[in-house]
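Report on the following structure.
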Amino acid sequence: MKLATFNINGIKARIEALPRWLEAAKPDAVALQEIKSVDENFPRALFEDMGYHVETHGQKGFNGVAILSRLPLEDITRGLPGDDSDEQARWIEATVMGDRAVRLCGLYLPNGNPAPGPKYDYKLAWMARMKTRVEALLLTEEPLVICGDYNVIPQPEDAANPAAWVEDALYLPQTRAAYRRIVNLGLTDAFRVQNPGPGHYSFWDYQAGAWNRNNGIRIDHLLLSPQAADLLQTVQIDKDVRGEEKPSDHVPVWVDLAA
DNA sequence: ATGGCTAGGCTCCCTAGA
189 MKLATFNING IKARIEALPR WLEAAKPDAV ALQEIKSVDE NFPRALFEDM
239 GYHVETHGQK GFNGVAILSR LPLEDITRGL PGDDSDEQAR WIEATVMGDR
289 AVRLCGLYLP NGNPAPGPKY DYKLAWMARM KTRVEALLLT EEPLVICGDY
339 NVIPQPEDAA NPAAWVEDAL YLPQTRAAYR RIVNLGLTDA FRVQNPGPGH
389 YSFWDYQAGA WNRNNGIRID HLLLSPQAAD LLQTVQIDKD VRGEEKPSDH
439 VPVWVDLAA
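Quick note: the first sequence uses our numbering, first residue 189, plus one each step.
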């Protein structure tokens, strides 16, 4: 079962690039972030015609997440529990029915800049809520893939120029500590299982020639429960997508599980 | 010295991103 995460930075803007990648990569399911669309305006027929089930959790203008799946989906839930006043669409879950059922969580973790400030407070509070949700999911002892745009640079080797990020909400010590608290519940960073060294990124800014200079950061992650980690076969960053026509500033990252 | 671009909406300037 091939499961991917891809921050597309707007479904309208990626109306050609996303199908192009789907045709080439053929994931069984992909968690999308920043669809920047309400549910009614998401071009679901385009993807249904390609054989995908489409489940969106959109909002106007910003944010918005979705799951596209060629395998059947069950028990779809939208929104991160823990704050009924939170209206930002950043979390979706579904069970992907392959040879084994895998619970897939797609997330778009808040950016948090500028820090300090209310946006950073929201980021940290959101991460605390996420930790509570992950604790509950782990109790099921089922294969669990928690993937998306984490907006967290976990370690210095996850940035081409870590010094440039020391005061940024993606890399502040409090951010990285909150991320570690989630990972330390017993999750595995799938990419790091097979790729220990520096120089692997999932985001390159549109500005300042970041892509041509390979000035990137690794912020799109797939975290696996123990039961999912036992099934891990392959993990890859589809870096080449960043150099294609009208790209997102993020690229897809995927795992292949024996499921 | 300024985020050197991109996307979307309250669109011809603003917010937001990372």
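Glycine included, each C-beta is placed from N, C-alpha and C at the ideal position.
Hey, how far is the Cα of residue i from the Cα of residue j?
i      : j      : result
Asp274 : Leu268 : 9 Å
Trp353 : His409 : 18 Å
Leu295 : Lys190 : 18 Å
Pro298 : Leu220 : 15 Å
Cys335 : Ala213 : 17 Å
Asn349 : Asn403 : 7 Å
Leu312 : Ala366 : 7 Å
Asp346 : Phe379 : 11 Å
Tyr310 : Met318 : 12 Å
Leu261 : Ala233 : 17 Å
Asp271 : Gly300 : 17 Å
Tyr394 : Val253 : 21 Å
Gly374 : Gly385 : 22 Å
Gly246 : Glu281 : 14 Å
Lys427 : Leu445 : 20 Å
Arg397 : Asp237 : The question names Arg, but residue 397 in the sequence shown is Gly. If I take the Cα positions, the gap works out to 36 Å.
Glu204 : Gly387 : 28 Å
Val218 : Ala351 : 32 Å
Val323 : Trp314 : Just to set this straight, residue 323 is Glu in the shown sequence, not Val. Their backbone Cα atoms lie some 14 Å apart in a straight line.
Arg202 : Tyr308 : 29 Å
Measuring CB to CB, does residue i end up less than 8 Å from residue j?
i      : j      : result
Arg364 : Trp392 : no
Ser413 : Ile196 : no
Leu358 : Asn372 : no
Leu411 : Asp377 : yes
Ile425 : Val439 : yes
Lys248 : Val226 : yes
Gln382 : Val423 : yes
Pro401 : Tyr389 : This sequence places Arg at residue 401; Pro is not what is there. No, the pair does not count as a contact, with Cβ atoms beyond the cut-off.
Can you tell which of the options has the C-alpha that lies nearest to the C-alpha of residue i?
i      : options                        : result
Leu419 : Arg288, Glu222, Val253         : Arg288
Thr328 : Asn339, Arg291, Gly300, Lys319 : Arg291
Pro331 : Ala303, Thr283, Gly305, Glu433 : Thr283
Pro342 : Leu326, Arg368, Glu355         : Arg368
Cys211 : Gly239, Glu228, Glu281         : It should be noted that the sequence gives Glu, not Cys, for residue 211. With distances taken between Cα atoms, Glu211 lies closest to Gly239.
Arg321 : Leu360, Cys293, Arg258         : Cys293
His241 : Ile264, Phe250, Asn251, Gly252 : Ile264
Val333 : Pro344, Ala417, Gln276         : Ala417
Pro302 : Asp356, Leu445, Glu433         : Asp356
Arg278 : Asp337, Glu228, Glu432, Leu360 : Asp337
Trp399 : Ile370, Glu323, Glu432, Gln415 : Glu432
Ala316 : Lys307, Pro344, Tyr308, Ile370 : Ile370
Gly198 : Asn251, Gln276, Leu360         : Asn251
Please check the pair residue i and residue j, which I expect to be a contact at CB under 8 Å, by giving their CB distance rounded to whole angstroms.
i      : j      : result
Thr244 : Ile223 : 7 Å
Phe230 : Leu256 : Not a contact, Cβ separation roughly 10 Å.
Asp216 : Arg258 : 5 Å
Ala447 : Gly286 : 5 Å
Shorter than 7 Å, the distance from the beta carbon of residue i to the closest heavy atom of the ligand FAD, or not?
i      : result
Glu329 : No copy of the ligand FAD appears in this structure; indeed no ligand is present at all.
At 3 residues or longer, what runs of the beta strand (DSSP E) sit wholly inside the stretch 302 to 366? 332 to 337
Those runs of the beta strand (DSSP E) which lie wholly inside the stretch 218 to 247 and span at least 3 residues: 241 to 245
Please specify which runs of the alpha helix (DSSP H), each continuous and at least 4 residues long, are wholly inside the stretch 358 to 419, giving them in chain order. 361 to 371, 378 to 382, 414 to 417
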